[in-house]
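Numbering (UniProt numbering), first residue to last: 10 to 500.
Report on one structure; see the data block that follows.
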Ligand code: ADP
Ligand code: LRH
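Listed below in C-alpha cells is the structure:
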C-alpha cells in the first residue's frame, strides 16, 4: 500500500492556504501549514481611472513560505496548485510577467458582455463552449483588453494556477478544468475553440497547450528548488479550477446528489457524465464546466457569501466592525423573511457599499430596508437559500436528473444558519462539509498520480472523504411553503 504525502496550494478569492496531506488506504489526514489573506489592490492610473489587481507576487511569496514549511516537515511526493477561475497573467517573449493580473471584478468589462454576445452571437458561443455568460469570463476580459499595450506585447497567457506552476517549474501550459472557465474551450472536444478564439480577435499563439489533471508539469526548478530544500520535487496538475477540486471531494455515497461549493461564490448544480448544451440551458445561463475524470459540472454561479463578506468590509470601513459568529447568532434570532433580494442581480458584483445596494434592491421591490446588521445578514442568507433552491431545481429540470441530498462544501459549510435555511428551502437533507473540500480534492488527484492506494476513481476518492472527514447533517424542517411565499415577492 502506497501512502502519498503531498502539498496542496488552494487560493480562494478571500484567502489562500497551503495544506500538507497524507493519503493512503483508509487515510486522508491534513495539516494546514500556512494561511494568508488574498486582498485585491486598487491602483489609480491618473485622470480618475483605476484598476483592481490581484497581488500575485505577494501570493507567490506566501505560497513559497508555506511550501517551505511543508517540505521541511515531510518528504513530499508532489505539489499541486488550484485557484479561482477566469483570471490570467500575461508573459512577454522573455517569459516576464507583463503587469499585475487584473481582478475579474474590475470595471473594465462593463458593457463588454452585451457587445460580445451581439457581435459573436450568444448561440454560437454557447453551442461551442457550453459556458454561462458572465462579465468575469476570460473571453470577455480579453475583448475588453483588446489593443491595450499589455495584450499587444504579450506572447503567452497563463491562468493564475498555471502562472504559479510556471514560476515553480519553468513549464507553461493550461490545465483543462480551469481552461474551460475561459469560455474559449470547446466543451465536447476538450480543446481550445480556435475558431471562436480567432473570431474574438484573440491571438491564438497566446494560448498554451492544454494539460489534464494528474499530469506531471515538471520539477520545481531554479530559485524555488533551492528554497524548498534542493531535492527533486514534482509539480502535478490537479483540477486547478478550485471548484473542480472541491467537487472531487464531495463526500457523497450516491450519484443522486446536488452541491453548493460555498465560498466567496456559491457554485450550485450537479455533476454530469457529459455536457448538456441546450437552448433552454443557454437561456437559463447554465454552465458546463469541465471536471476531473471527464465529468461535467452543470451549474450556475450564485453571487454567494461575497454579499456577506463585502457587507462586513463596508461596516468595518465605516467604523462599525462586526464579528461573524456573533452576527450569525443575532441573524438566527432575527425576524424571518423580512426582506429578500435576488443575489444574482449584477449590481452586487463590483466591490463597494454592499448594505446600501441591498437596501436599494429592497426598496425597489417594496420590502422593508434592513435596519440592523442582523436583519441584513438574515436577508442575505435567506436570499442565498432561495437562490440555491431555484438553481438546484433548474439544474435538475434542465438535465432530467433528480437528487436526494444537497452537499454544501467550503467555508460556507460552517455557517449553520445558512445550512439550515438551505435544507428548509430545498426540502431535502443538507450534508455540510468538508470545509476544505478544495484542498482535499487537490490532494486526492495528486495522490492518485503518485500511485497512492484507495484513490482509483472519483467514487473511491469520495468514499475516502466520507469515511475520514467530519460532516454535519441538516434535515429539512418542512418550512418550504414560507420560502414559496418569499420567492413570489421577486416575481
Ligand atoms: P474562498 O475560497 O472563496 O476564499 P472559503 O471557502 O474560504 O472561500 O469560504 C469563505 C467564507 O466562509 C467566508 O465568506 C465566510 O462567510 C465563511 N466562513 C468561514 N468561516 C466561517 C465560520 N466560522 N462560520 C461561518 N461562516 C464561515
Ligand atoms: C470560485 C470560482 C468560481 C468562478 C469564480 C471566478 O472560487 O473559481 O468557480 O466562477 O471563482
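For each residue, glycine too, the CB sits at the ideal point set by N, CA and C.
Just checking residue i against the ligand ADP - is the residue's beta carbon closer than 7 Å to any of the ligand's heavy atoms?
i	result
residue 287	no
residue 39	no
residue 320	no
residue 323	no
residue 22	yes
residue 335	no
residue 273	yes
residue 306	no
residue 429	no
residue 421	yes
residue 314	yes
residue 424	yes
My output table needs one value for residue i: the three-state DSSP class, helix, strand or coil.
i	result
residue 262	coil
residue 297	strand
residue 48	coil
residue 446	helix
residue 23	coil
residue 42	strand
residue 114	coil
residue 220	strand
residue 510	Residue coverage of the chain in this structure runs from 10 to 500, which leaves residue 510 outside it and unanswerable.
residue 344	coil
residue 227	strand
Just to confirm the assignment, what range does the alpha helix (DSSP H) spanning residue i have?
i	result
residue 377	It is not in any alpha helix (DSSP H) - residue 377 carries neither H nor E in the DSSP assignment.
residue 491	489 to 497
residue 5	This structure leaves residue 5 out entirely; the chain is present only between 10 and 500.
State the start and end residues of the unbroken beta strand (DSSP E) segment that holds residue i.
i	result
residue 243	243 to 245
residue 329	Taken as a continuous stretch (DSSP letters only), residue 329 belongs to no beta strand (DSSP E), as it is neither H nor E.
residue 165	165 to 168
Return the bridge partner residues of residue i from the DSSP annotation.
i	result
residue 349	DSSP, once it has assigned bridges, lists no residue as partnering residue 349.
residue 416	268, 440
residue 275	271, 311
residue 201	194
residue 59	53
residue 31	14, 38
residue 88	16, 244
residue 483	439
Check whether the Cβ of residue i lies closer than 7 Å to any heavy atom of the ligand LRH, and answer yes or no.
i	result
residue 361	no
residue 46	no
residue 317	no
residue 107	no
residue 250	yes
residue 446	no
residue 145	yes
residue 95	yes
residue 113	yes
residue 61	no
residue 190	yes
Legend entry - contact_flag[the stretch 70 to 77, the stretch 229 to 245] where n(CB pairs < 8 Å) is 3 or more: yes
Inset, instruction - Determine contact between the stretch 54 to 68 and the stretch 132 to 142, defined as no fewer than three beta-carbon pairs at a distance below 8 Å. - result: no
Legend entry - Three CB pairs or more closer than 8 Å across the stretch 315 to 323 and the stretch 361 to 374: yes
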